[in-house]
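2 is the number of the first residue of the sequence shown in my numbering; add one for each residue after it.
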Amino acid sequence: MVTIKDIAREAGVSPSTVSRVLSGKAKISPETTRRVMEAIEKLGYIPNASAKSLVMKKAYSVGIFMPRKLEQALTSTFFDQVVSGICSYINNTEYEIVLSIVPPEKEKESLERLIKSKKVDGFILLTSRINDYAIKYLRNLKFPFVLIGSPDKDKDYVNWVDNDNKKAAFDATEYLIRLGHIQIGFLGGMENLVLTQDRLSGYKSALSKYKIPVENQYIMFTEFDEQSSYEKAKQMLMLPDRPTAVVCIDEVVAYALIRACRELDLKVGYDVSVIGFNESIFSKLSSPRLTTINTNVFYLGYYAAEMLIKELEEPYKTYKRLIVQHSIVEGETCRAI
């Protein structure tokens, strides 16, 4: 295997000079640069990732960071779509991916360890919470990161990519209202998530527009996993005056509601209308096909990765933010009453 020392010997320069030429940041004479580059071409030298990291003082890795219980992350249709989008962009760069899914209680030590070990050059954060520790910590360090989701505060001082979640939930709720529903439930995720609060706000705004009172008994929160979603869905459906339609914060929650409907002998799309978010292959293959809000999750990941790599290569002079559009995809789980 050809080494930097081999290149130096061939070009008649020191190994440190070769390293400086490779870094592209040192002032080296054109003649010396020419000799080094000719030696590299002649010997067929290809720098490996670790060697390049040493030369450039970069890890050439980006961290995907998600403070969530593993079972919650891996059962989410959001997770596989967003990571696919990130990989689609990163795989066409010199960077590699370090995936870190940690329980929230281990978030602090995990972030500190990754940064101190210099294993990553920047992070893509997959979740945004009220008073988010990771955002505060990385901002204080001035460590590069892009947030998927909008921050709960200081929106102008963070690079982020998101949907307009208030508008998306408004549209989902209005869709049900236009089908004649006025008893509409909301099954959200964890209450400390900005996503949950934004979609809850959109749901309430749609009810307000049509002069429909907000019924607190119709609003429930889950842990984003199948079991807690099923339990909350069943609780909602067993109310004496149950909702005729439910806005579910994602597909896992929607399918849990559908499961609860079947166990209670309620026909989905007739007795209860269901609308979810994050259209995936499962919503197309399920029976009945789920009516959903397509939030283009793949592109949330793709654009976040693009934003981070550009920041690492040439830091932005201003913070960037991008809204990815959504659309309603009609399936078979909603009907007019």
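All C-beta atoms in this analysis are idealised placements derived from N, C-alpha and C, irrespective of residue type, glycine included.
Here the structure is a predicted model, which means the values were calculated and not measured.
With a cutoff of 8 Å on beta-carbon distance, residue 86 and residue 299 are scored as near each other. Selection 40, 249, 267, 146 evaluated against residue 275 yields 249 as nearest (Cα-Cα). Burial state of residue 319 is exposed, judged by a 10 Å Cβ sphere holding fewer than 16 other Cβ atoms.
Secondary structure of residue 324 (DSSP, three-state): strand. Excluding residues up to 5 positions away in sequence, nothing lies with its Cβ nearer than 6 Å to the Cβ of residue 326 in the same chain. Taking C-beta separations shorter than 7 Å and ignoring five residues to either side along the sequence, the partners of residue 119 in its chain run 60, following chain order. Proximity of the stretch 134-154 to the stretch 173-188 falls short of the contact definition, fewer than three beta-carbon pairs being nearer than 8 Å.
The criterion of a C-beta distance shorter than 8 Å is not satisfied by residue 171 and residue 127. The residue among 223, 206, 222 with its C-alpha nearest the C-alpha of residue 215 is 206. Here residue 153 is not near residue 125, since their CB atoms are 8 Å or more apart. Residue pairing of residue 246 in beta bridges, as defined by DSSP: 185, 274. The secondary-structure analysis by DSSP pairs residue 220 across a beta bridge with 187.
The residue among 100, 84, 32 with its C-alpha nearest the C-alpha of residue 62 is 100. When Cβ pairs closer than 8 Å are counted between the two stretches, the stretch 153-170 is seen not to touch the stretch 208-224, the count staying below three. In this structure, the CA atom of residue 337 is about 37 Å from the CA atom of residue 304.
Our two residues, residue 108 and residue 115, have alpha carbons roughly 11 Å apart in a direct line.
Here DSSP, grouped into helix, strand and coil, assigns residue 127 to coil.
Where residue 202 is concerned, the enclosing alpha helix (DSSP H) starts and stops at 195-210.
Here DSSP, grouped into helix, strand and coil, assigns residue 84 to helix. According to DSSP, residue pairing for residue 160 in a beta bridge does not occur.
Between residue 297 and the set 334, 166, 110, the nearest pair of CA atoms involves 166. Counting along the chain, residue 68 sits inside the beta strand (DSSP E) bounded by residues 62-68. Per DSSP, the beta bridge partners of residue 98 are 63. Here DSSP, grouped into helix, strand and coil, assigns residue 146 to strand.
At the C-beta level, residue 224 and residue 82 stay beyond 8 Å of one another.
Between residue 291 and residue 332, the gap from beta carbon to beta carbon is short of 8 Å. If you draw a 10 Å sphere on the C-beta of residue 68, you find 16 or more other C-beta atoms in it, and that means buried.
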